[in-house]
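Note sheet for the following structure.
Protein chains: 2
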Amino acid sequence: MDNFTYNIPTKIYFGKGQISHLAELGSKGSKVLLVYGGGSIKRSGLYDTACRILKDAGVSVVELAGVEPNPRIETVRKGVEICKTEDVDMILAIGGGSAMDCAKVVAAGALYDGDAWDLVINPGLIAKALPLYCVLTIAATGSEMDMFAVISDMSLNEKIGTASPHMVPVFSILDPEYTFTVPKKHTDAGTADIMSHTIENYFTNVEGAGIQGHLCEAVLKTLVENGPVALNEPDNYDARANLMWASSLAINGLLSGGAGVPWTAHPIEHELSAFYDITHGEGLAIVTPAWMEICMKKDPSKTKDFAKFGRAVFGITEECDECAAKDAVAKLRQFLFESMEIPSTLRAVGITEKDNFEKMAEKAATRTANGYVPMTKEDIVEIFEMCF
Amino acid sequence: MDNFTYNIPTKIYFGKGQISHLAELGSKGSKVLLVYGGGSIKRSGLYDTACRILKDAGVSVVELAGVEPNPRIETVRKGVEICKTEDVDMILAIGGGSAMDCAKVVAAGALYDGDAWDLVINPGLIAKALPLYCVLTIAATGSEMDMFAVISDMSLNEKIGTASPHMVPVFSILDPEYTFTVPKKHTDAGTADIMSHTIENYFTNVEGAGIQGHLCEAVLKTLVENGPVALNEPDNYDARANLMWASSLAINGLLSGGAGVPWTAHPIEHELSAFYDITHGEGLAIVTPAWMEICMKKDPSKTKDFAKFGRAVFGITEECDECAAKDAVAKLRQFLFESMEIPSTLRAVGITEKDNFEKMAEKAATRTANGYVPMTKEDIVEIFEMCF
């Protein structure tokens, strides 16, 4: 097991009615920037509830609405500008990963003199940030309990992750009821996103990280059991609750600390979203099984790890590692593309030509050389071809 | 799943050489009370290392040495007195649960005007505490990352748990190498303690706490895999590391949040330690399998839960719930009393007469009425009889 520092200061208010804790902002500041995406929080009534609680707590509200699914640097800049001109002293994100990621970089940008894109390409420049509070409305990125944010500059075809302990939310409110109205497509994609985080954590070259591996298996089993239930019964509280808590635990450091996680599928998918603006979770679902097959093809000694994964998560009982590993990938595909009904190919999500495969693979390969199985540009092109 | 608040502010420095972080105390205060037990930290050199780092950081040190295995209120009072007369502004516990629990109540008592026992019997009186830092030397109680402390008044045969968010350590240093010298008896008892915390978390009446259950299974599997290795190869780093991290995660709120944990085995064991000063972890190991059997006898509908436990933790494949549950208890006994070589009866730990069974059971029963299966005085006497 590797050395690690575990530090998750975000307080979580989990469950029904926890929105009342927004009133605590009254004692923490006077003006909040409310960051959100489309109109879903208005339709659901959450927007009105939050505004009423904030008003009753004596907090004034200014807004940054319309954050995109892959949040753009232009929107971040707009939020920073509002913070600076309106003397905002705290940020509240209501939504999913996009709203929260945008809010994080706005929070940092508000206390930075240069352009916010600097903070995306150079996280070391993030020296402080306004305090951030979140209300989660979809189980997916885990941004509600971590220090990460992913921001896109579509003019450059860049989608880049940044991170800072200053951007970790002070508290996040997780009420599973807010996810009852999440449409099928996003319940799917969110579950795939959580699964991908966990899979990236699970396949590590660090020896002796046994407890981390078992914790990954716990999250993965939770997804396999609850994803299809949430899909078919959108207002099943326990299914939504299990997915929601899995979302936070999958990427807050619990699974990675000590296990030296070498991200690979994420950098590969990031190029797909950066070039084609596809839904992150769908991209991850499409890429992950192919990535597994390339791993085993390139390094057959890894087969035993995929066999272990299949036995632990899907209850595969085959004794032969090669058979169990093959079955594991098949079961994963079945879960993602049949039980969860996620599109299974790049074409199915609108990527109908291969023109950018080389270019995307070249960019992704700059971040996959130290992966669980190192991936070259050629390997990544092969993954794209398999997924086409 | 129940509503819950998750709030674990303790920062963990995990791994080799993390003791260097003690130097951070130089920027946090000027005089520390060093709380520890017997001479083991002197023999291992840890005492000297810590004192040197503190001295180099400009921190003066006063000491509370000789904390007992079941820490006494008299020792707490002595620590409080030192804090008050010496103007101590922070506390450092080096050791296991006893040193840390004692240090917690000293930290609170130092800022309280009355007698420290008040804070044990009435946690609501704990309004503040000196900041606490810990260096862990045994994987067991999880006190390094939680708000709990258990203090005994042997003159009253009382062993009582108290808790306060003010007593949560600011940071804890977890270096598995410090546990290489933990003797067999305490590696055993510590593992049994962690296992018991996790089992108490696992068996809950809350519906839909799926992820919490799977996380418990992850910790339990970690114990089953690593406990015997640590026993037979005391300096196996990865085995010690897995046990150490399991110790913290088992009781910091991760497994219990949302699962409404109804503690039963602990209150029963607490009476044994309070009357006979036995090793807490050994008492828990002895009591737990018998408690399981009484649960199923009193409420056969629970049998399926024990079958699930056996399948997940011990890989039992029997389809019949009753057989699997029976096998699960047998496998647990085999793990505790054979693989881990823990004494299996009360007589084996020195409780050679039954005179206090009624009295202990009566006291324990005041805290077990809302358990997973409610336990009466008579049930607890039966457990003691089974364990005799």
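Residue numbers (our numbering), protein chains in the order written: chain A, 134 to 521; chain B, 134 to 521. Cβ coordinates follow ideal geometry from the N, Cα and C atoms, glycine included. The structure displayed is predicted, hence computed values, not measured ones.
Consult DSSP for Met278 (chain A) and reduce its assignment to one of helix, strand or coil. helix
Is it a yes or a no for the segment 392 to 402 of chain B touching the segment 339 to 352 of chain B, going by three-plus beta-carbon pairs under 8 Å? yes
In whole angstroms, what is the alpha-carbon distance linking Ile484 (chain B) and Ser406 (chain B)? 10 Å
Please report the straight-line C-alpha distance between Met328 (chain B) and Leu353 (chain A), rounded to a whole angstrom. 23 Å
Hey, could you find the ends of the alpha helix (DSSP H) Tyr146 (chain B) is sitting in? That residue, Tyr146 (chain B), is in no alpha helix (DSSP H); its beta strand (DSSP E) goes 144 to 147.
Say whether chain A places a C-beta atom closer than 9 Å to the C-beta of Pro142 (chain B). Between Pro142 (chain B) and chain A, the shortest Cβ-Cβ separation is below 9 Å.
Return yes when the Cβ of Ala282 (chain B) is within less than 9 Å of the Cβ of Asp326 (chain B), no when it is not. no
Would you kindly check if the distance between the Cβ of Thr478 (chain A) and the Cβ of Ile419 (chain A) is under 9 Å? With respect to Thr478 (chain A), Ile419 (chain A) sits close: the two C-beta atoms are nearer than 9 Å.
Rounded to the nearest angstrom, what separates Pro507 (chain B) and Ile206 (chain A) at their Cα positions? Rounded to whole angstroms, Pro507 (chain B) to Ile206 (chain A) spans 57 Å at the Cα level.
Beta-carbon proximity check, Ile344 (chain B) vs Asn375 (chain A), cutoff 9 Å: At a Cβ-Cβ threshold of 9 Å, Ile344 (chain B) and Asn375 (chain A) count as neighbours.
Which chain A residues sit within Cβ distance under 9 Å of Gly390 (chain B)? Scanning chain A for C-beta atoms nearer than 9 Å to the C-beta of Gly390 (chain B) yields Ile145, Phe147, Trp378, reported in chain order.
Quick one: Cα of Tyr409 (chain A) to Cα of Lys496 (chain A), how far? 14 Å
I'd like the list of long-range same chain contacts for Thr314 (chain B), defined as Cβ closer than 6 Å, with 5 residues on each side in sequence excluded. Ser177
Residues near Pro400 (chain A) in its chain [Cβ-Cβ closer than 6 Å; skip 5 each side]: Correct list, in chain order: Ala497, Arg500, Thr501.
Out of A:Ala240, A:Gly228, A:Asn255, point me to the one whose CA is closest to Leu269 (chain A)'s CA. A:Gly228
Straight-line CA distance for Gly414 (chain A) to Ile332 (chain A)? In this model, Gly414 (chain A) and Ile332 (chain A) are separated by some 13 Å (Cα to Cα).
Which of the three DSSP states is assigned to Ala379 (chain B) in this structure? DSSP places Ala379 (chain B) in helix when its eight states are reduced to three.
Under the three-state DSSP convention, the category Tyr311 (chain A) falls into: Helix.
Answer yes or no: does any C-beta atom of chain A fall closer than 9 Å to that of Ile344 (chain B)? yes
Does any residue of chain A bring its CB to less than 9 Å from the CB of Glu340 (chain B)? yes
Contact with chain B by Asp371 (chain A), beta-carbon distance below 9 Å: yes
Can you check whether the C-beta of Thr138 (chain A) is within less than 9 Å of a C-beta belonging to chain B? yes
DSSP puts Lys164 (chain A) in a beta bridge; with which residues? Partner(s): A:Ser193.
Check whether the segment 295 to 305 of chain B touches the segment 359 to 374 of chain B, taking contact to mean three or more Cβ pairs, one atom from each stretch, closer than 8 Å. Judged by Cβ distances under 8 Å, the segment 295 to 305 of chain B makes no contact with the segment 359 to 374 of chain B, as fewer than three pairs qualify.
Give me the DSSP bridge partner(s) of Met223 (chain B). Met223 (chain B) pairs with B:Val165.
Contact defined as beta carbons within less than 8 Å: I believe Leu388 (chain B) pairs with Asn334 (chain B). What is the distance between those atoms, to the nearest angstrom? Between Asn334 (chain B) and Leu388 (chain B) the Cβ distance is about 4 Å, and since that is below 8 Å, they are a contact.
Is the separation between the beta-carbon of Phe304 (chain A) and that of Phe137 (chain B) shorter than 9 Å? no
Is Val168 (chain B) near Cys184 (chain B), with beta carbons less than 9 Å apart? Taking 9 Å as the Cβ cut-off, Val168 (chain B) and Cys184 (chain B) do not qualify as a contacting pair.
Excluding the 5 residues preceding and the 5 following Phe490 (chain B) in the sequence, name in chain order all residues of the same chain whose CB lies nearer than 8 Å to its CB. Val514, Phe517, Glu518
Tell me, please, whether the CB atom of Gly150 (chain B) is closer than 9 Å to any CB atom in chain A? yes
Lys292 (chain B) by DSSP, collapsed to three states: which one? In this structure, DSSP gives Lys292 (chain B) an extended state, which the three-state scheme calls strand.
Could you check the C-alpha separation between Ile254 (chain A) and Phe447 (chain B) for me, to the nearest Å? 48 Å
Can you have a look at Glu144 (chain A) and say buried or exposed, based on whether 16 or more other CB atoms are within 10 angstroms of its CB? The amino acid at residue 144 (chain A) is misidentified as Glu; the sequence shows Lys. Looking at its Cβ environment, which holds 16 or more other Cβ atoms inside 10 Å, Lys144 (chain A) is buried.
How many angstroms separate the CA atom of Tyr311 (chain A) from the CA atom of Lys292 (chain B)? Answer to the nearest angstrom: the Cα atoms are 44 Å apart.
How many angstroms separate the CA atom of Leu244 (chain B) from the CA atom of Asp181 (chain A)? Just so you know, the alpha carbons of Leu244 (chain B) and Asp181 (chain A) end up roughly 44 Å apart.
Ordered along the chain, which non-local residues of its own chain (more than five positions away) have a Cβ less than 6 Å from that of Lys431 (chain A)? Val506
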